[in-house]
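Colleague: Quick mapping for you: the protein sequence lines, in order, are chains L and D.
Per the working numbering, the first sequence starts with residue 3, numbered consecutively.
Per the working numbering, the second sequence starts with residue 27, numbered consecutively.
Glycine included, every Cβ here is placed at the ideal spot set by N, Cα and C.
Because the structure is a prediction, the values reported are computed rather than measured.
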Amino acid sequence: MKRTPIGGLLILGTMALAMIGPILTVILWAFAVKWRYPHILPTEWGIKFWFGMLGRETIITPVLTSLALTSIATTAAAAICWPAAYAFARLKFPGRQVMLFSFIAAQAVPKFALFVSIAVIFLRLNLVGSFWGVVLVQMLSAVLYMIWIPTAAFRGIPPALEEAAFDLGASRLRVFLQITLPQALPALAASYVLAFVSILFEVDGALLIGAPTVTTMPLLLMSLSAQVIVQEAAVLCVMIWVPCFILLLLTRRFMTAKGIAQGFGA
Amino acid sequence: MIRFATKSGGNTPGHLQRTGPGREALAGLALVALPVAMLLMLTLWPTVSMVIATFTVDGHMSTSRYAYFFTDAYSLANLRFTMVQGLVSALSALAISFGIALYLRFSAGRIATMIHALSLFPLFVPSIIISYALVRFLGPNGLFQLLLEQVGFTHYRTPYLTPVGPFLAFVWEALPLPVLVISAGLTQVSDHAVEAARDLGAGPIRILWEVLLPQVRRSLLIAFALIFLGIIGAYTVPYMLGPAAPEMMGVFMQRTLGNLHDADAAQVQAVVLMVISSVVGGFYIATMLKSQGGER
Numbered sequence: 003m004k005r006t007p008i009g010g011l012l013i014l015g016t017m018a019l020a021m022i023g024p025i026l027t028v029i030l031w032a033f034a035v036k037w038r039y040p041h042i043l044p045t046e047w048g049i050k051f052w053f054g055m056l057g058r059e060t061i062i063t064p065v066l067t068s069l070a071l072t073s074i075a076t077t078a079a080a081a082i083c084w085p086a087a088y089a090f091a092r093l094k095f096p097g098r099q100v101m102l103f104s105f106i107a108a109q110a111v112p113k114f115a116l117f118v119s120i121a122v123i124f125l126r127l128n129l130v131g132s133f134w135g136v137v138l139v140q141m142l143s144a145v146l147y148m149i150w151i152p153t154a155a156f157r158g159i160p161p162a163l164e165e166a167a168f169d170l171g172a173s174r175l176r177v178f179l180q181i182t183l184p185q186a187l188p189a190l191a192a193s194y195v196l197a198f199v200s201i202l203f204e205v206d207g208a209l210l211i212g213a214p215t216v217t218t219m220p221l222l223l224m225s226l227s228a229q230v231i232v233q234e235a236a237v238l239c240v241m242i243w244v245p246c247f248i249l250l251l252l253t254r255r256f257m258t259a260k261g262i263a264q265g266f267g268a
Numbered sequence: 027m028i029r030f031a032t033k034s035g036g037n038t039p040g041h042l043q044r045t046g047p048g049r050e051a052l053a054g055l056a057l058v059a060l061p062v063a064m065l066l067m068l069t070l071w072p073t074v075s076m077v078i079a080t081f082t083v084d085g086h087m088s089t090s091r092y093a094y095f096f097t098d099a100y101s102l103a104n105l106r107f108t109m110v111q112g113l114v115s116a117l118s119a120l121a122i123s124f125g126i127a128l129y130l131r132f133s134a135g136r137i138a139t140m141i142h143a144l145s146l147f148p149l150f151v152p153s154i155i156i157s158y159a160l161v162r163f164l165g166p167n168g169l170f171q172l173l174l175e176q177v178g179f180t181h182y183r184t185p186y187l188t189p190v191g192p193f194l195a196f197v198w199e200a201l202p203l204p205v206l207v208i209s210a211g212l213t214q215v216s217d218h219a220v221e222a223a224r225d226l227g228a229g230p231i232r233i234l235w236e237v238l239l240p241q242v243r244r245s246l247l248i249a250f251a252l253i254f255l256g257i258i259g260a261y262t263v264p265y266m267l268g269p270a271a272p273e274m275m276g277v278f279m280q281r282t283l284g285n286l287h288d289a290d291a292a293q294v295q296a297v298v299l300m301v302i303s304s305v306v307g308g309f310y311i312a313t314m315l316k317s318q319g320g321e322r
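(1) Less than 8 Å between the CB atoms is what I'm expecting for L:I201 and L:S143, so what's the real figure, rounded?
(2) In or out: D:W235 buried (at least 16 other Cβ within 10 Å) or exposed?
(3) Whole angstroms is fine: what's the gap from L:W37's alpha carbon to D:P166's?
(4) Would L:G145 and L:I120 be called neighbours here (beta carbons separated by less than 8 Å)?
(5) Please report how far the alpha carbon of L:L190 lies from the alpha carbon of L:A162, in whole angstroms.
(6) So, with DSSP's three-state summary, where would you put D:M274?
(7) Between L:R176 and chain A, is the shortest Cβ-Cβ distance under 8 Å, so that the two count as touching?
(8) Determine, using beta carbons only, whether D:P204 and D:L149 come nearer to each other than 8 Å.
(9) Below 8 Å, how does it come out for the region 260 to 270 of chain D and the region 180 to 198 of chain D: are there three or more Cβ pairs, yes or no?
(10) How about D:T89 and D:F81: are their beta carbons less than 8 Å apart?
(11) Pick helix, strand or coil for L:W31, following the three-state DSSP scheme.
(12) Nearest CA to the CA of L:F51: which residue from L:R174, L:A236, L:R255?
(13) Who are the near neighbours of D:R131 in its chain, counting only those whose CB is closer than 6 Å to its CB and skipping five residues on each side?
(14) Report yes if the C-beta distance between D:G154 and L:V205 is below 8 Å; otherwise report no.
(15) Find the nearest neighbour of D:G135 within the set L:P7, L:C239, L:R255, L:M55, judged by alpha-carbon distance.
(16) For a contact defined as C-beta to C-beta under 8 Å, what are the partners of L:W243 on chain D?
(17) Just list the residues that DSSP pairs D:H86 with in beta bridges.
(18) Could you pull out every residue in the same chain whose Cβ sits closer than 6 Å to the Cβ of D:I126, ignoring the five residues on either side in sequence?
(19) Taking the continuous alpha helix (DSSP H) assigned at D:A136, which residues delimit it?
(20) Out of curiosity, what's the CA-to-CA distance linking D:A347 and L:G10?
(21) Is any beta-carbon of chain L found at less than 8 Å from that of D:L169?
(22) Which parts of the region 203 to 235 of chain D are runs of the alpha helix (DSSP H), unbroken and 4 residues or longer, counting only runs that do not cross its ends?
(23) With a Cβ-Cβ cutoff of 8 Å, do L:E234 and L:L221 count as a contact?
(24) Under three-state DSSP, which class holds L:K50?
(25) So, helix, strand or coil for D:S303, using DSSP?
(26) For L:K94, does the three-state DSSP call read helix, strand or coil?
(27) Output yes if chain L places a C-beta closer than 8 Å to the C-beta of D:A159; else output no.
(28) Leaving out the 5 sequence neighbours to the left and right, which residues in its chain are closer than 8 Å to L:G265 when beta-carbon positions are compared?
(29) Return the residues of the region 100 to 133 of chain D that lie within a Cβ-Cβ distance of less than 8 Å from chain L, sorted by chain order.
(30) Which residues in the same chain have their Cβ closer than 7 Å to the Cβ of D:F250, if we skip the five residues on either side of it in sequence?
(31) So is L:Q229 buried or exposed if we call it buried at 16+ other beta carbons inside 10 Å?
(32) Would you please verify whether the beta carbon of L:T27 is less than 8 Å from any beta carbon of chain D?
(33) Compute the distance between the beta-carbons of D:L283 and D:A292, then report whether it is under 8 Å.
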């Protein structure tokens with residue numbers, strides 16, 4: 003059933019255009035000083051717009067807000083979810099299956115509708131438009147990564163090694179710190195990166211809970227994208243996304259059929 | 027698949043078992059308490075409170091808010107648009123992914139590897155980035171139009187701000203999951219099974235329908251449910267790429283709550299969307315539970 007390479011090349015060409023074309027356009031715009039119709043490449047190259055943006059408070063403030071917000075929400079989510087993941091993987095307690103399953107079931111709730119309901123409650127609690135209100139809803143987005151990947155990772159560690167160390171007289175804390183944790187660390191780091199990037203680019207919660215007082219980087223990007231000057235949004239995209247892309251590539255191991263598809267339950 | 031139940035103590039290391047069941051249960055409950063509480067406070071409580079609020083008018087139970095939604099032509103048009111967009115985009119994404127997965131199953135080498143990598147690329151691209159990128163790529167005088175004009179095609183009409191715009195973005199974003207699960211399913215069909223079917227006189231369509239498809243049917247259903255749910259709850263893609271009217275429910279809810287400050291109407295819209303999702307979501311959960319049972 004092997005097809006001719008021509009068929010394969012045709013698929014590859016179409017895929018390359020469709021998958022890379024859009025992002026490539028943005029990258030070209032970010033380094034374009036002039037790009038006039040009908041040239042297929044910028045007519046004048048340069049990084050003029052990069053310097054123009056770095057000094058502007060309206061650009062820098064949302065980016066810093068986003069970085070602070072994302073770091074706090076991701077770290078807080080990790081602090082409460084990683085121990086829970088260990089418990090889900092290694093301890094027996096009543097309601098364990100139901101609770102673990104509820105984290106998966108929560109995925110079936112349409113996110114935007116859920117955020118509307120949260121926004122109405124936060125309005126009453128005076129949390130709308132507050133930094134900490136946004137932190138709370140964004141922690142919710144992180145839970146997906148912070149429970150599943152670590153739970154699977156703790157499960158994957160063979161207990162024999164821990165038992166051996168325990169039998170040799172190591173304390174429970176020492177077994178955890180020296181045997182269990184080092185083995186789970188890559189998966190924990192991956193879950194942190196995945197959650198961090200997904201929160202950094204999160205729009206729905208930031209918009210419904212944060213606007214108009216808390217402006218995050220994605221909200222800034224939305225308003226810049228409506229501007230006449232194309233380059234500013236393009237520069238922001240490249241500046242923020244490229245480092246994230248590289249970080250995400252490091253977690254690729256956890257983005258396989260096993261990691262993602264099976265994580266989703268397929 | 028994450029397994030929820032391990033055979034009695036199968037995975038619990040000995041040193042943890044020695045603590046005795048009572049202390050282990052307490053430790054377990056204490057460790058999961060915070061995230062579970064967060065899930066209850068930020069999912070169950072708002073949802074329940076929202077449903078109650080939508081049925082309450084001036085302190086009395088009433089369905090008048092829903093009566094308004096279901097008689098308002100604009101609300102219904104938005105709901106219909108959202109469902110059609112979800113259905114068409116999810117089915118198209120599945121069809122394309124199936125084609126890619128089939129190609130990958132029966133090819134090897136550098137071309138196949140590159141196609142595989144390209145189909146997974148959206149995993150690394152957030153919604154907001156691809157939405158903006160598609161505006162620049164497909165929009166008026168965008169790179170796609172420029173490329174077409176280079177080869178002499180001058181009748182390009184941009185999908186930007188039409189229903190086709192969000193459709194393309196949804197399909198783009200949805201590709202990785204079905205490609206991964208369908209590929210995984212198809213690798214479980216051995217070459218021998220395919221050859222045996224062919225020796226028995228089965229044509230390509232029959233092989234596809236009776237040998238390959240049954241292997242991936244469950245994966246297809248779960249992928250469909252997840253993609254569909256993601257699309258009907260989406261905001262960024264339809265806001266950036268879609269038409270001004272009709273609106274998809276995400277944009278509709280945001281405008282109702284954020285611009286018109288009509289929390290009551292926005293909540294009704296949210297509940298309607300949640301009820302529809304719960305049908306698809308319930309099916310997704312049931313399929314998953316069934317597979318859990320099968321695995322134990």
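Modeller: Taking the coordinates as given:
(1) Reading the first sequence from its first residue, position 199 is the one you call residue 201 of chain L. Reading the first sequence from its first residue, position 141 is the one you call residue 143 of chain L. Cβ-Cβ separation between L:I201 and L:S143: approximately 6 Å, consistent with a contact (criterion under 8 Å).
(2) Indexing the second sequence from 1 puts residue 235 of chain D at position 209. Note on D:W235: under 16 other CB atoms within 10 angstroms of its CB, so exposed under the neighbour-count rule.
(3) As a first step, residue 37 of chain L is located in the first sequence; it is residue number 35 there, counting from the start. As a first step, residue 166 of chain D is located in the second sequence; it is residue number 140 there, counting from the start. Roughly 14 Å separates the two Cα atoms.
(4) Taking the first residue of the first sequence as position 1, residue 145 of chain L is located at position 143. Taking the first residue of the first sequence as position 1, residue 120 of chain L is located at position 118. The amino acid at residue 145 of chain L is misidentified as Gly; the sequence shows Val. With contacts defined by Cβ atoms closer than 8 Å, L:V145 and L:I120 do not form a contacting pair.
(5) For this step, residue 190 of chain L is matched to residue 188 along the first sequence. For this step, residue 162 of chain L is matched to residue 160 along the first sequence. The straight-line gap separating the alpha-carbon atoms of L:L190 and L:A162 is approximately 21 Å.
(6) Sequence index remark: in the second sequence, residue 274 of chain D carries index 248 (1-based). Here D:M274 sits in coil by DSSP.
(7) Absence of chain A from the displayed structure is noted, the protein chains being L and D.
(8) In the second sequence, the residue the question calls residue 204 of chain D occupies position 178. In the second sequence, the residue the question calls residue 149 of chain D occupies position 123. Their beta carbons are not under 8 Å apart, which means D:P204 does not touch D:L149 by this criterion.
(9) The answer is yes - the region 180 to 198 of chain D touches the region 260 to 270 of chain D, with three or more Cβ pairs under 8 Å.
(10) Taking the first residue of the second sequence as position 1, residue 89 of chain D is located at position 63. Taking the first residue of the second sequence as position 1, residue 81 of chain D is located at position 55. Note that the C-beta distance between D:T89 and D:F81 is below 8 Å.
(11) Here residue 31 of chain L refers to the residue found at position 29 when the first sequence is read from its first residue. In the structure shown, L:W31 falls within a helical segment according to DSSP collapsed to helix, strand and coil.
(12) Indexing the first sequence from 1 puts residue 51 of chain L at position 49. For L:F51, the nearest C-alpha among the options comes from L:A236.
(13) In the second sequence, counting from the first residue as 1, residue 131 of chain D sits at position 105. For D:R131, where only same-chain residues beyond five positions count, the Cβ hits under 6 Å are L212.
(14) In the second sequence, residue 154 of chain D corresponds to position 128, counting from 1. In the first sequence, residue 205 of chain L corresponds to position 203, counting from 1. Position check: residue 154 of chain D holds Ile in this sequence, whereas Gly was assumed. Closer than 8 Å, so yes.
(15) The sequence position of residue 135 of chain D within the second sequence is 109, counting from 1. The residue with the shortest Cα to Cα distance from D:G135 is L:P7.
(16) Within the first sequence, the letter at position 241 stands for residue 243 of chain L. Correct list: V151, P152, I155.
(17) By 1-based counting over the second sequence, the position of residue 86 of chain D is 60. For D:H86, which the question treats as bridged, DSSP gives the partners D:V83.
(18) Mapped onto the second sequence, residue 126 of chain D falls at position 100. For D:I126, where only same-chain residues beyond five positions count, the Cβ hits under 6 Å are S145, V205.
(19) Position 110 of the second sequence holds residue 136 of chain D. The sequence shown places Arg at residue 136 of chain D, not Ala. Start and end: 136 to 146.
(20) The question about residue 347 of chain D has no answer here: the residues shown for chain D are numbered 27 through 322.
(21) Here residue 169 of chain D refers to the residue found at position 143 when the second sequence is read from its first residue. Output row for D:L169: interface = yes.
(22) Entirely contained in the region 203 to 235 of chain D, the alpha helix (DSSP H) runs reaching 4 residues are, in chain order, 217 to 225, 230 to 233.
(23) Start at 1 with the first residue of the first sequence, and residue 234 of chain L comes out as number 232. Start at 1 with the first residue of the first sequence, and residue 221 of chain L comes out as number 219. Cβ distance not < 8 Å, so L:E234 and L:L221 don't count as in contact.
(24) By 1-based counting over the first sequence, the position of residue 50 of chain L is 48. Helix.
(25) Residue mapping note: residue 303 of chain D aligns to position 277 of the second sequence, counting from 1. Shown here, D:S303 sits in a helix according to DSSP, grouped into three states.
(26) For the purposes of this step, residue 94 of chain L is taken as the residue at position 92 of the first sequence. Coil at L:K94, not helix or strand.
(27) Within the second sequence, the letter at position 133 stands for residue 159 of chain D. Answer yes: the Cβ-Cβ gap between D:A159 and chain L drops below 8 Å somewhere.
(28) Stepping through the first sequence from its first residue, residue 265 of chain L is reached at position 263. Bear in mind that a pLDDT of 45 at L:G265, under 50, signals an unreliable position, so the model cannot answer this.
(29) Listed by position, the residues of the region 100 to 133 of chain D near chain L (Cβ gap below 8 Å) are I126, Y129, F132, S133.
(30) As a first step, residue 250 of chain D is located in the second sequence; it is residue number 224 there, counting from the start. The residues are A116, L120.
(31) Taking the first sequence and counting its residues from 1, one reaches residue 229 of chain L at position 227. So L:Q229 counts as exposed.
(32) As a first step, residue 27 of chain L must be located in the first sequence, where it is residue number 25. With respect to chain D, the C-beta atom of L:T27 has a partner C-beta closer than 8 Å.
(33) Numbered from 1 along the second sequence, position 257 holds the residue referred to as residue 283 of chain D. Numbered from 1 along the second sequence, position 266 holds the residue referred to as residue 292 of chain D. In contact: D:L283 and D:A292 (Cβ atoms closer than 8 Å).
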